[in-house]
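Enquirer: The numbers in numbering that gives the first Met the number 0 rise by one with no breaks, and the one at position 83 of the sequence shown is 82.
Note that the Cβ used here is the ideal one computed from N, Cα and C, for glycine as well.
Given the structure is predicted, the values throughout are model-derived calculations rather than measurements.
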Amino acid sequence: MKAGISGLLYSGKTTIFNALKAKSSQEEETQSAKRKSQELFTAKVKDPRLNELDNLFPGRKIVYPELVFVDIPTRQKDNVEKPDFLLLRDQDVIIEVVRFFEREDVLHTEGSIDPKRDIALFEEILINEDLAAVIERITRVETELKKGRKENQKEFDVLTKCRATLENKKPLRTLGLSLDEEKLIRGFKYLSLKPIVRVVNSGEEKKQPDIEKLKNELSTQELSCIPFYGRLELEMEELTDEALKADFLKDLGVALSGAEIFIKQIYDNTGLITFFTVGDEITRGWAIIKSTKAPQAGGKIHTDIERGFIKAEIIEYGKFIEARSFNAAKQKGYLRQEDKDYVIQDGDIVNIKFSV
Ligand SMILES: Nc1nc2c(ncn2[C@@H]2O[C@H](COP(=O)(O)OP(=O)(O)OP(=O)(O)O)[C@@H](O)[C@H]2O)c(=O)[nH]1
Ligand SMILES: [Mg+2]
Numbered sequence: 000m001k002a003g004i005s006g007l008l009y010s011g012k013t014t015i016f017n018a019l020k021a022k023s024s025q026e027e028e029t030q031s032a033k034r035k036s037q038e039l040f041t042a043k044v045k046d047p048r049l050n051e052l053d054n055l056f057p058g059r060k061i062v063y064p065e066l067v068f069v070d071i072p073t074r075q076k077d078n079v080e081k082p083d084f085l086l087l088r089d090q091d092v093i094i095e096v097v098r099f100f101e102r103e104d105v106l107h108t109e110g111s112i113d114p115k116r117d118i119a120l121f122e123e124i125l126i127n128e129d130l131a132a133v134i135e136r137i138t139r140v141e142t143e144l145k146k147g148r149k150e151n152q153k154e155f156d157v158l159t160k161c162r163a164t165l166e167n168k169k170p171l172r173t174l175g176l177s178l179d180e181e182k183l184i185r186g187f188k189y190l191s192l193k194p195i196v197r198v199v200n201s202g203e204e205k206k207q208p209d210i211e212k213l214k215n216e217l218s219t220q221e222l223s224c225i226p227f228y229g230r231l232e233l234e235m236e237e238l239t240d241e242a243l244k245a246d247f248l249k250d251l252g253v254a255l256s257g258a259e260i261f262i263k264q265i266y267d268n269t270g271l272i273t274f275f276t277v278g279d280e281i282t283r284g285w286a287i288i289k290s291t292k293a294p295q296a297g298g299k300i301h302t303d304i305e306r307g308f309i310k311a312e313i314i315e316y317g318k319f320i321e322a323r324s325f326n327a328a329k330q331k332g333y334l335r336q337e338d339k340d341y342v343i344q345d346g347d348i349v350n351i352k353f354s355v
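1. Shortest alpha-carbon distance to Asn54 belongs to which of Ile320, Thr164, Asp347?
2. Are there any heavy atoms of ligand 1 lying less than 8 Å away from the beta-carbon of Phe100, as far as the coordinates show?
3. Can you tell me whether Leu66 is helix, strand or coil according to DSSP?
4. Let me make sure I understand the geometry here. Which of Gly11, Asp77, Thr41 has the alpha-carbon closest to that of Lys22?
5. Contact defined as beta carbons within less than 8 Å: I believe Ala132 pairs with Tyr63. What is the distance between those atoms, to the nearest angstrom?
6. Could you spell out where the beta strand (DSSP E) holding Gln75 opens and where it closes?
7. Distance, Cα to Cα, Glu109 vs Glu280?
8. Among the residues of its own chain, which have a CB less than 6 Å from the CB of Pro72, if the five just before and after it don't count?
9. Between the alpha carbons of Asn363 and Leu213, how many angstroms are there, rounded?
10. Is Ile15 helix, strand or coil by DSSP?
11. When DSSP labels each residue in this structure, what does Leu106 get in the three-state scheme?
12. Taking C-alpha atoms, which residue in Phe99, Gly147, Val79 lies nearest to Ser111?
13. Under a three-way DSSP split, which group does Lys350 fall into?
14. Along the chain, where does the beta strand (DSSP E) containing Glu321 start, and where does it finish?
15. In the structure shown, what three-state DSSP assignment does Gly229 receive?
16. Would you say Thr108 touches ligand 2, meaning its beta carbon is less than 8 Å from a heavy atom?
17. Have a look at Lys45 and Asp77 and give me their C-alpha separation to the nearest angstrom.
18. Give the straight-line distance between the Cα atoms of Leu233 and Lys318, rounded to the nearest whole angstrom.
19. Fully enclosed by the segment 197 to 282, which beta strand (DSSP E) runs are 3 residues long or longer?
20. For ligand 2, list every residue whose C-beta falls under 7 Å from any of its heavy atoms, going in chain order.
21. Near Glu128, what residues of its chain come up, given a Cβ to Cβ distance below 7 Å and the 5 sequence neighbours on each side ignored?
22. Between which two residues does the beta strand (DSSP E) carrying Glu38 extend?
23. If you measure from the CB of Val105, is any heavy atom of ligand 1 nearer than 8 Å?
24. Grouping DSSP H, G and I as helix and E and B as strand, with all else coil, what is Pro82?
25. Could you give the first and the last residue of the continuous beta strand (DSSP E) run that contains Lys1?
26. Would you check if the segment 261 to 271 and the segment 299 to 319 touch, i.e. whether three or more CB-CB distances between them fall below 8 Å?
27. Could you check the C-alpha separation between Lys244 and Leu178 for me, to the nearest Å?
28. Please name the residue in Ser256, Pro47, Asp70, Leu39 whose C-alpha comes closest to that of Gly11.
29. Are Gly202 and Glu101 touching if we call contact CB-CB under 9 Å?
30. Comparing the C-beta of Arg88 with each C-beta of chain B, is any distance below 9 Å?
The following block contains the structure:
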């Protein structure tokens, strides 16, 4: 699951990326990322349910669900700031970094600190980019329809809805597309359709009351945000003396959340959930977006599983822990057979039957 760290120019994206990376004990860089010279690292999401499963099946390897954080640069050209759209399209969820630190020597293109305005500005950037892409696609599909290619009608209808939404300056994620509709346009990776979470990158001069005030302001527009002291978190990571660190933060009057809680908040705010697989050798958690159906969830494990999906055997996490084994769970009637339309629930223990 890829989480792109994006936002306006100099909002502190790279700072937050580095703070998270420094805290991640198990960082790895994939070969493909190196080739593309992307800045990314993999964070393990320490879900305590995996430790519980480890107690039931000791001796197996535990693999935590993973979030791949990608640092997405924003560049200014002809007075317009633009994130690297190509890279951003490739992300499953967007972490938008919003500047909430005062610093004279760091430029703000709008000239002042105003998170509410900046969130609207970034939304507008995503919407405009999507609108251009949608219009381009509509032109193509129209040509096909004129040639008598009726199979394009459904896509055309969905795109028309999308265009109207974007022209009304609303992001596509507000449109509530059905899964079938979403599938028709999935390939275009529209930006404003992706789950988004706003991280308010707070400077050390911002204290709890400032953050509460901001949260209240944003909530009037039904916006939520996660506060994070990007630079402070990064600096504290470089201090090894825990007592000194605690004293320093106490004097400053600031409490840090730390990477683990932060990652959990990102999970909760972007609608990510975890399902589990229990194999002979590996017990593993997998991150997926809420409302993912069984075959697509299987596709996270292997594309063959999605392609050759037959059925999914599901046991709820709580029931599995109560039963303490597959056999006991079966005997108690906890094991359910589900078909391709089943929506995976958080904590499901999943075993997919497939054939290719
Ligand atoms: N005081 C303070 N400075 C910060 C904070 N976060 C970032 N900065 C500073 O702001 C500047 C820009 O931060 P970056 O993390 O490079 O910002 P960015 O969003 O990655 O910038 P681009 O990728 O160029 O758009 C750097 O000098 C940071 O040290 C913060 O929380 N407090
Ligand atoms: Mg940067």
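Expert: According to the data block:
1. Ile320
2. yes
3. strand
4. Thr41
5. Going by Cβ atoms, the distance from Ala132 to Tyr63 rounds to 35 Å, so no, they are not a contact pair.
6. 73 to 76
7. 54 Å
8. Asp83
9. It is not possible to answer for residue 363, since the shown part of the chain is limited to 0 through 355.
10. helix
11. coil
12. Phe99
13. The sequence shown places Asn at residue 350, not Lys. The answer is strand: DSSP assigns Asn350 an E or B state.
14. Counting along the chain, Glu321 falls outside any beta strand (DSSP E), though it belongs to the alpha helix (DSSP H) covering 316 to 322.
15. helix
16. no
17. 43 Å
18. 41 Å
19. 224 to 227, 271 to 277
20. Lys12, Thr13, Asp70, Pro72
21. Phe84, Leu190
22. First-last for Glu38: undefined, no H or E at that position.
23. yes
24. strand
25. 1 to 6
26. no
27. 48 Å
28. Asp70
29. yes
30. Judged by its chain identifiers, the structure shown contains no chain B, having just a single protein chain.
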